[in-house]
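Q:
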């Protein structure tokens with residue numbers, strides 16, 4: 252009996268093997284999701300960052316992005332319960348600025364930057380050539396996992412776009428641009444082509460480019476570099492939103508009008524690209540609409556960013 | 000997935016040296032060496048569900064929109080299980096069919112809700128043999144022996160394990176398809192089959208009214224499953240080594256006390272706090288027992304009724320389903336009914 256006991260005890264002492272890398276990764280992801288279940292956002296972030304960022308794992312990037320979204324107060328349950336049916340594909344930016352989560356009053360707030368970080372984590376997850384895309388995520392992570400990341404990105408982008416245009420468009424609770432009386436346009440345009448476009452098209456409240464029509468968060472004393480950084484948030488958000496939306500099938504009723512958006516925006520792009528080429532002989536809309544990474548956008552000439560807003564985003568936000 | 004005795008679950012899972020009944024082949028085939036004569040177990044279904052008394056989910060919360068339901072079940076492990084293991088033991092041999100279905104799902108992550116699904120459905124059979132290699136033990140007169148045992152099993156498995164975005168088109172379309180089998184197919188259920196081997200060592204020493212037993216069972220010593228469709232990968236079936244010990248003190252007849260302990264899955268890395276099991280049975284009469292146990296700090300308790308032609312076990316137990324000790328608990332209720340068992344000593 253004693254021999255048997257010692258044999259079994261020996262087995263007990265020597266038998267336990269260390270966890271494999273894969274098991275440790277799986278456990279970390281599970282634990283982070285559990286933290287996020289009870290909204291312990293910082294605990295989840297700390298756990299994931301202590302483990303080390305695993306860009307090769309779609310599940311890791313998904314939960315890492317989620318952890319920052321949690322920090323921003325993002326909730327997909329709230330989006331579906333309160334807002335998804337209010338998104339109007341024909342008045343996209345107005346309806347986004349009217350969402351219940353479109354509550355931004357300051358640029359670069361902690362919540363805004365946290366959600367922006369959550370989005371960047373997915374956008375830049377497998378940037379082989381710096382410019383992320385929905386197709387690249389599917390190539391890198393596979394059809395199912397790539398689609399999961401794209402799905403998560405779309406809905407975070409919806410909320411962040413709403414916050415962005417509510418703030419910089421000076422929208423009221425109904426999302427109407429300039430309704431609060433602080434600025435009629437998103438930006439105070441100075442490039443001759445941008446001024447010409449605004450004065451000709453008169454998009455919504457933005458009826459003339461006077462040099463003081465834009466958001467105070469995008470003009471002096473704010474530096475040009477910071478202005479560009481903030482404007483690039485909007486460009487990257489929008490471009491990734493449209494690119495990723497095109498990779499998903501969201502035709503069922505629970506998604507409202509989301510499935511109609513891509514075709515409408517593509518039609519807008521086509522018209523504006525042709526108008527720009529014919530009127531100004533330039534290809535700013537065509538070029539900038541493909542920029543989907545913050546660093547690439549900040550590397551553009553500022554006047555390209557300014558004209559993209561004047562030709563396209565200001566136009567879209569009627 | 001492992002076929003488990005309801006009594007075992009109600010004793011905290013510390014049961015590998017006590018499964019000297021219809022579940023012997025599932026716990027430790029070496030214990031078949033204790034058996035003599037013919038025992039037959041034709042009808043023995045068990046059902047387990049989320050504990051309706053735990054208050055984790057209110058029935059009213061489950062009515063209404065998906066959002067309200069999601070809010071109600073966020074972070075709550077939902078469980079449903081069904082098992083059936085008819086079989087017989089003849090001398091040192093045991094043969095049992097196995098039908099085991101277990102569904103666990105948990106909604107996690109309030110920011111981007113993920114539905115974590117763990118579904119397994121096993122059918123098959125298990126054939127075991129135990130042989131005494133030292134000593135002399137008899138269930139009637141006692142004694143002591145060391146025995147080795149082995150069982151061979153065939154498993155036909157359906158399994159689905161994954162995380163799904165709650166609002167994703169994949170999940171939405173899957174549930175829209177209607178039939179359970181179509182939902183499982185849409186979510187990517189994997190079908191596989193194959194053979195496996197379990198082994199074990201059993202030591203028992205009964206002197207007078209006292210009985211001590213120590214055992215080591217190696218479940219899935221070698222089990223290989225092959226998927227039926229190319230491109231699919233069945234889940235892993237890793238070795239599960241369980242070390243257990245028990246002490247019985249039986250007074251007159253079948254009245255007495257049983258204490259048991261077990262360390263499960265000792266070959267796998269992890270906190271020992273999650274691996275320990277403690278159990279107890281107080282047998283007040285041959286027909287009435289009370290069970291209790293502790294499993295990773297979670298409690299279980301229940302009652303057993305033995306009416307001769309039927310046996311009933313019912314109670315509440317909890318399982319630690321988190322990665323780390325104490326992170327997540329699944330509260331469950333189980334009921335087991337066995338009918339028309341008989342034993343012929345020959």
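Chains as they are written, first to last, in this note's numbering: chain A, 252 to 569; chain B, 0 to 345. The beta carbon of each residue, even a glycine, is placed where N, CA and C say it ideally should be. Computed from a predicted structure; not experimentally measured.
1. So for residue 281/A, helix, strand or coil by DSSP?
2. What are the residues in the segment 272 to 292 of chain A lying within 7 Å of chain B by C-beta distance?
3. Find out if the Cβ-Cβ distance for the pair residue 543/A, residue 374/A is shorter than 9 Å.
4. For chain A, check one thing: does any of its Cβ atoms lie closer than 9 Å to the Cβ of residue 113/B?
5. Using 9 Å as the limit for Cβ to Cβ distance, is residue 107/B near chain A?
6. Taking a cut of 8 Å between CB atoms, which residues from the segment 155 to 178 of chain B lie near chain A?
7. Hey, would you say residue 127/B sits closer than 9 Å to residue 93/B, going by beta carbons?
8. Below 8 Å, can you find three or more Cβ-Cβ pairs linking the segment 236 to 248 of chain B to the segment 219 to 227 of chain B?
9. Use the C-beta contact count for residue 476/A: other C-beta atoms within 10 angstroms, 16 or more gives buried, fewer gives exposed.
10. Is there at least one Cβ from chain A nearer than 9 Å to residue 148/B's Cβ?
11. By the 9 Å beta-carbon criterion, what residues does the segment 489 to 504 of chain A contribute toward chain B?
12. Suppose you measure from the CA of residue 405/A to the CA of residue 292/B; what does that come to, to the nearest Å?
13. Is there at least one Cβ from chain B nearer than 9 Å to residue 508/A's Cβ?
14. With a CB to CB cut of under 7 Å and the five nearest residues on each side skipped, what residues in its chain are close to residue 557/A?
15. Shortest alpha-carbon distance to residue 396/A belongs to which of 566/A, 553/A, 311/A, 526/A?
16. Can you find a C-beta in chain A that's less than 9 Å from the C-beta of residue 70/B?
17. Can you tell me which of 260/B, 137/B, 311/B, 161/B puts its alpha carbon nearest to the alpha carbon of residue 42/B?
18. Would the beta-carbon of residue 102/B fall within 9 Å of that of residue 118/B?
19. I'd like the span of the beta strand (DSSP E) that includes residue 219/B, first residue to last.
20. Express the C-alpha separation of residue 495/A and residue 382/A in angstroms, rounding to a whole number.
21. Cα separation between residue 491/A and residue 300/B?
22. Mapping the DSSP letters down to three states, classify residue 332/B as helix, strand or coil.
23. Does the beta carbon of residue 326/A come closer than 9 Å to any beta carbon on chain B?
24. Between residue 313/A and chain B, is there a C-beta pair that is closer than 9 Å?
25. Name, going along the chain, the residues of the segment 387 to 421 of chain A whose beta-carbon falls closer than 9 Å to a beta-carbon of chain B.
26. Could you check what DSSP says for residue 101/B in three-state terms: helix, strand or coil?
27. List the endpoints of the continuous alpha helix (DSSP H) containing residue 482/A.
28. Can you grab the Cα-Cα spacing for the pair residue 502/A / residue 510/A, in whole Å?
29. Select from the segment 301 to 327 of chain B all residues with a C-beta closer than 9 Å to any C-beta belonging to chain A, and list them in chain order.
30. Give the range of the alpha helix (DSSP H) segment to which residue 573/A is assigned.
31. Whole angstroms are fine: how far does the CA of residue 435/A sit from the CA of residue 334/A?
32. Identify, in the order they occur along the chain, each residue of the same chain with its Cβ nearer than 8 Å to the Cβ of residue 174/B, setting aside the five sequence neighbours on each side.
33. Go to residue 317/A, then tell me how far its beta strand (DSSP E) extends in each direction, as first and last residue.
34. Any C-beta of chain B sitting closer than 9 Å to the C-beta of residue 310/A?
35. Pick out whichever of 286/B, 250/B, 121/B, 63/B has its Cα sitting closest to the Cα of residue 158/B.
36. What residues of chain B sit near residue 527/A, judged by a beta carbon separation below 8 Å?
A: To lay it out plainly:
1. In this structure, residue 281/A counts as helix in the three-state DSSP scheme.
2. For the segment 272 to 292 of chain A, the set of residues with a beta-carbon nearer than 7 Å to any beta-carbon of chain B comprises 278, 281, 282, 284, 285, 287, 288, 289, 290, in chain order.
3. Yes; because the gap between Cβ atoms is below 9 Å, this pair is in contact.
4. Yes, its Cβ sits closer than 9 Å to a Cβ of chain A.
5. So yes, residue 107/B belongs to the interface.
6. So the close ones are 162, 164, 165, 166, 167, 168, 169, 171, 172, 175.
7. Yes, these two residues count as a Cβ contact at 9 Å.
8. Taking a cut-off of 8 Å for Cβ pairs, the segment 236 to 248 of chain B and the segment 219 to 227 of chain B touch, as three or more such pairs fall below it.
9. That one is exposed.
10. No, residue 148/B does not count as interfacial toward chain A.
11. Residues passing the 9 Å Cβ filter: 499, 500, 501, 502, 503.
12. If I take the Cα positions, the gap works out to 48 Å.
13. No, residue 508/A does not count as interfacial toward chain B.
14. Excluding residues within five positions, the ones whose Cβ falls inside 7 Å are 438, 440, 442, 445.
15. The shortest Cα separation from residue 396/A among 566/A, 553/A, 311/A, 526/A belongs to 311/A.
16. Yes, because at least one Cβ of chain A sits closer than 9 Å to the Cβ of residue 70/B.
17. Of the candidates 260/B, 137/B, 311/B, 161/B, the one whose C-alpha sits nearest the C-alpha of residue 42/B is 311/B.
18. In contact: residue 102/B and residue 118/B (Cβ atoms closer than 9 Å).
19. Looking at the DSSP string, the run of the beta strand (DSSP E) that includes residue 219/B is 209 to 226.
20. Looking at the backbone, the Cα of residue 382/A and that of residue 495/A are separated by about 13 Å.
21. Here the alpha carbons of residue 300/B and residue 491/A stand approximately 55 Å from one another.
22. DSSP places residue 332/B in the strand class (E or B) of the three-state scheme.
23. By this cut-off, residue 326/A is an interface position.
24. At least one C-beta of chain B is nearer than 9 Å to the C-beta of residue 313/A.
25. Taking 9 Å as the Cβ-Cβ cut-off against chain B, the residues of the segment 387 to 421 of chain A that qualify are 395, 398, 399, 402, 403, 406, 407.
26. If DSSP states are grouped into helix, strand and coil, residue 101/B belongs with the strands.
27. For residue 482/A, the enclosing alpha helix (DSSP H) begins and ends at 475 to 496.
28. The alpha-carbon separation between residue 502/A and residue 510/A amounts to approximately 6 Å.
29. Taking 9 Å as the cut-off between beta carbons, the residues of the segment 301 to 327 of chain B near chain A are 321, 322, 323, 326, 327, in sequence order.
30. Residue coverage of chain A in this structure runs from 252 to 569, which leaves residue 573/A outside it and unanswerable.
31. Distance from the CA of residue 334/A to the CA of residue 435/A, rounded to the nearest whole angstrom, comes to 25 Å.
32. Cβ neighbours of residue 174/B beyond the five flanking positions: 182.
33. That residue, residue 317/A, is in no beta strand (DSSP E); its alpha helix (DSSP H) goes 309 to 322.
34. With 9 Å as the cut-off, residue 310/A counts as an interface residue toward chain B.
35. The residue among 286/B, 250/B, 121/B, 63/B with its C-alpha nearest the C-alpha of residue 158/B is 121/B.
36. None at all; the shortest Cβ gap to chain B is about 35 Å.
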